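According to my numbering, the first sequence is numbered sequentially starting from 56.
The beta carbon of each residue, even a glycine, is placed where N, CA and C say it ideally should be.
Everything numeric in this text was worked out from a predicted model, so none of it was measured.
Below: one structure, written as structure tokens.
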Amino acid sequence: MNDRKVRVRFAPSPTGPLHIGGVRTALYNYLFARKHGGDFIFRIEDTDSNRFVEGAEEYILESFRWLGVEFDEGVTFGGEHGPYRQSERREIYKKYVKQLLDAGKAYIAFDTPSELDEKRAAINNFQYDASTRMQMRNSLTLAPEEVQALIASGHQYVVRFLVEPGQKVVVNDLIRGVVTIDSSILDDKVLYKSADELPTYHLANIVDDHLMEVSHVIRGEEWLPSAPLHVLLYRAFGWEDTMPQFAHLSLLLKPEGNGKLSKRDGDRLGFPVFPLEWHDPASGAVSSGFREAGYLPEAVINFLALLGWNPGDDVELMTMDDLIAKFDLAKCSKAGARFDYKKMIWFNHEYILRTADSEIARMFKPIVEAHGIEVQMPLLEKIVSLMKGRINFVHELWDACSFYFIAPTEYDEKTRKKRWKEDSAQKMGELADLLESLDDFSIENQDSAVHQWIEQKGYSMGEIMNAFRLALVGEGKGPQMFDISGLIGKEETLTRLRRAIEVLG
RNA sequence: GGCGCUUUCGUCUAGUGGCUAGGACACAUGCCUCUCACGCAUGGAACACGGGUUCGAUUCCCGUAGGCGCUACCA
Numbered sequence: 056m057n058d059r060k061v062r063v064r065f066a067p068s069p070t071g072p073l074h075i076g077g078v079r080t081a082l083y084n085y086l087f088a089r090k091h092g093g094d095f096i097f098r099i100e101d102t103d104s105n106r107f108v109e110g111a112e113e114y115i116l117e118s119f120r121w122l123g124v125e126f127d128e129g130v131t132f133g134g135e136h137g138p139y140r141q142s143e144r145r146e147i148y149k150k151y152v153k154q155l156l157d158a159g160k161a162y163i164a165f166d167t168p169s170e171l172d173e174k175r176a177a178i179n180n181f182q183y184d185a186s187t188r189m190q191m192r193n194s195l196t197l198a199p200e201e202v203q204a205l206i207a208s209g210h211q212y213v214v215r216f217l218v219e220p221g222q223k224v225v226v227n228d229l230i231r232g233v234v235t236i237d238s239s240i241l242d243d244k245v246l247y248k249s250a251d252e253l254p255t256y257h258l259a260n261i262v263d264d265h266l267m268e269v270s271h272v273i274r275g276e277e278w279l280p281s282a283p284l285h286v287l288l289y290r291a292f293g294w295e296d297t298m299p300q301f302a303h304l305s306l307l308l309k310p311e312g313n314g315k316l317s318k319r320d321g322d323r324l325g326f327p328v329f330p331l332e333w334h335d336p337a338s339g340a341v342s343s344g345f346r347e348a349g350y351l352p353e354a355v356i357n358f359l360a361l362l363g364w365n366p367g368d369d370v371e372l373m374t375m376d377d378l379i380a381k382f383d384l385a386k387c388s389k390a391g392a393r394f395d396y397k398k399m400i401w402f403n404h405e406y407i408l409r410t411a412d413s414e415i416a417r418m419f420k421p422i423v424e425a426h427g428i429e430v431q432m433p434l435l436e437k438i439v440s441l442m443k444g445r446i447n448f449v450h451e452l453w454d455a456c457s458f459y460f461i462a463p464t465e466y467d468e469k470t471r472k473k474r475w476k477e478d479s480a481q482k483m484g485e486l487a488d489l490l491e492s493l494d495d496f497s498i499e500n501q502d503s504a505v506h507q508w509i510e511q512k513g514y515s516m517g518e519i520m521n522a523f524r525l526a527l528v529g530e531g532k533g534p535q536m537f538d539i540s541g542l543i544g545k546e547e548t549l550t551r552l553r554r555a556i557e558v559l560g
């Protein structure tokens, strides 16, 4: 049983954008598959025709392409266990539903949704199970001819799983250990609906995992309560010997307050909860995505991997290959993890630091151009190398360094008060003359010439440089002064200097 | 309500039957310095509570409380 080939799957419902929690579940499946040389399957669970959303499947695929999470098999990837979209597997499920029906392990029920609602309203804690099934309209209580007649006359029905009460059902979870429940608390779950000729999640899931030879089911904790039902289904089909091993992951919680992470938290606190921007086809509403918000995929992966899992060492910055090498389901934490978005921002900062200047410059270029500025790559790369350490997102580069491209039109009042003295105009005039006289305007040459001049005149470094900075930048920020003047060039430096003298006096 | 899962600094977490309970984010201070950042250094900060078991429990057991999830012809 344990020497089976590792085969795991990520099986979302195409009901909208992929939640970040789902991304993490997929990531853990991927890491586990790669770690054990197994296969990673992409299956679409579209058994609820009412909730289907156009474009969701493509969105999910695009998200994983961006993140670098790769599938081996499944929808759009091919494979020998297809089709991988549940809506295309109707005939397969019908066969297995019949098998259960014939074996007396499931039955046909005619109670309509509204009848069931009435029951629930009338009886509190009503549950369709061993204690109530004999009072309902189903193949257990009706004569076989009646059942046939109802079906023949077009009555819609569902197939329910007949749960034997009083059994101890044991789920051996790879993260949580042994979980035992009494089958009496389970209800007779709907397995199949005649209305759309599709199974529900529970049936489709078991049949597909079995047929697709899935070895490990790694999914969110919200599935833990139905895991015993799934065990019972494997048993009913006689598949218990090849039943996959289960691992239920803790959930992602709000950064603050109670409850699980939701889109509202992201909107409120200013971070995305979806990998890519999503345009809802029905409402037209736009939800922000990590990609568009300026996160690097490597940073998102690294952050997510550590949210609920830890290899046990003090290393936090890891590549996908590092994560694969270290991943271990047994080291996943059991309790829910708050979504610490500030730490995610720190990861992005670290990854920007580790990304080549040329790559950051390539990402930054369209932003510069959007401000109507033409810039050459070599210059932009130099600016990036000077500035990228101070930002968390590429788009923050613009605010941090727009002075390279645009001369100040006004001067920050606070800085002016502090840095522009009575004699600043005169000294800046001297500085301008000095710089003008330089044939070699290299950073090194400016540096030595200006230092020499300051020393000769007995000026202080601070008074000169700070006034100089105000003149070129318009405020008190930025890298070393000659890294600014050197890059904007002699002519521009002198223009800005002389304008400041004129304006500030 | 019922059932299940869960509980170490504010947050993510490491860890052990005997430790000064470790790291990271965030925060504070200092250093660096021509500014702002970055960076570096330092600091404050935790074993939910109550019972057991034990020579000794943060660690093992039970209970309580809190948190989370499920309780659909949704996944």
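Review point. If M520 sits next to M536, beta carbons under 8 Å apart, how far is it from one beta carbon to the other, in whole angstroms?
Key: Right, their Cβ atoms sit about 5 Å apart.
**Study point:** C-alpha distance - M56 paired with Y212, whole-angstrom precision
**Key:** Here the model assigns M56 a pLDDT of 44, short of 50, so the residue's position is not dependable, and the following value carries that caveat. M56 and Y212 have their C-alpha atoms spaced approximately 38 Å apart.
Check your understanding: With DSSP run on the structure shown, which of helix, strand or coil describes P254?
Key -> In the structure shown, P254 sits in a strand (DSSP, three-state: E or B).
Check your understanding: Who are the Cβ neighbours of A291 in its own chain at under 7 Å, not counting the five residues just before and after it?
Key -> L155 and K160
Practice item. Would you check if the distance between the CB atom of I96 and the CB atom of R64 is smaller than 8 Å? Key: yes
Check your understanding: Would you say the region 164-172 touches the region 263-273, given that touching needs at least three Cβ pairs under 8 Å?
Key -> no
Exercise for review: Could you spell out where the beta strand (DSSP E) holding G77 opens and where it closes?
Suggested key: Segment I75 to K90 is the alpha helix (DSSP H) holding G77; no beta strand (DSSP E) there.
Practice item. Just tell me which of P366, S338 and T374 has its CA closest to the CA of V614. Key: One cannot answer for residue 614 here, as it falls past the ends of the chain, which runs 56 to 560.
Practice item. May I ask which residues mark the beginning and end of the beta strand (DSSP E) holding H404? Key: From DSSP, H404 is part of no beta strand (DSSP E) but of the alpha helix (DSSP H) over Y396 to R409.
Review point. From this set, L288, A555, D251 and G513, which residue's C-alpha is nearest S238's C-alpha?
Key: L288
Check your understanding: Who are W475's beta bridge partners in DSSP?
Key -> In the DSSP output, where bridge partners are listed per residue, W475 has none listed.
Exercise for review: Buried or exposed for D263, please, with buried defined as at least 16 other CB atoms from any protein chain shown within 10 angstroms of its CB.
Suggested key: The residue in question, D263, is buried, as its Cβ has 16 or more Cβ neighbours within 10 Å.
**Study point:** H285 - containing alpha helix (DSSP H), residue span
**Key:** A282 to F292
Review point. On the three-pair Cβ rule with 8 Å, is the region 354-368 touching the region 389-400?
Key: yes
Check your understanding: What residues in its chain sit with their C-beta under 7 Å from that of I564, if we drop five residues either side in the sequence?
Key -> Outside the displayed range of the chain (56 to 560) lies residue 564, so it cannot be described from this structure.
Practice item. Since I believe V124 is in contact with L359 (beta carbons under 8 Å), could you give me their beta-carbon distance rounded to a whole number of angstroms? Key: With 8 Å as the limit, L359 and V124 do not qualify as a contact, their Cβ atoms being about 10 Å apart.
**Study point:** S440 versus P534 - alpha carbon distance
**Key:** 11 Å
Exercise for review: Between the Cα of V108 and those of D478, E491 and P336, spot the shortest distance and give me the residue it belongs to.
Suggested key: P336
Practice item. Given a cut-off of 8 Å, decide if A555 and M483 are closer than it, judged by their beta-carbon atoms. Key: Cβ atoms of M483 and A555: closer than 8 Å.
Review point. Which value, in whole angstroms, describes the spacing of the CA atoms of P67 and D383?
Key: Between P67 and D383, the C-alpha separation is close to 23 Å.
Check your understanding: Comparing alpha-carbon positions, which option in S194, A185 and H210 lies nearest P168?
Key -> H210
Practice item. Would you kindly check if the distance between the Cβ of I428 and the Cβ of F460 is under 8 Å? Key: yes
Check your understanding: Under 8 Å between the Cβ atoms of P330 and L122?
Key -> yes
Check your understanding: Looking at C-alpha atoms only, which residue of G275, L197, L486 and E252 is the closest neighbour of D228?
Key -> G275
Review point. Rounded to a whole number of angstroms, what is the C-alpha to C-alpha distance between L307 and G232?
Key: When rounded, the separation of the alpha-carbon atoms in L307 and G232 is 21 Å.
Point to revise | Segment contact, 8 Å Cβ cut-off, at least three pairs: the region 462-470 with the region 526-533 | key: yes
**Study point:** Member of I422, G531, W278 and F496 whose CA lies at the smallest distance from the CA of E347
**Key:** I422
**Study point:** Endpoints, alpha helix (DSSP H) assigned at F358
**Key:** P352 to A360
**Study point:** A259 versus Y148 - alpha carbon distance
**Key:** Each residue's alpha carbon lies about 7 Å from the other.
Check your understanding: Roughly how many angstroms lie between the CA atoms of S104 and H404, to the nearest whole one?
Key -> Whole-angstrom Cα-Cα distance: 42 Å.
Check your understanding: Between which two residues does the alpha helix (DSSP H) containing N521 stretch?
Key -> Unbroken alpha helix (DSSP H) run through N521: M516 to V528.
Review point. Between the C-alpha atoms of K472 and R553, what's the straight-line distance to the nearest angstrom?
Key: 19 Å
Exercise for review: Measure the CB-CB distance between L246 and V370 and report whether it falls below 8 Å.
Suggested key: no
Review point. DSSP on Y114, reduced to helix/strand/coil?
Key: helix
Review point. Nearest-angstrom Cα distance between P220 and S281?
Key: 15 Å
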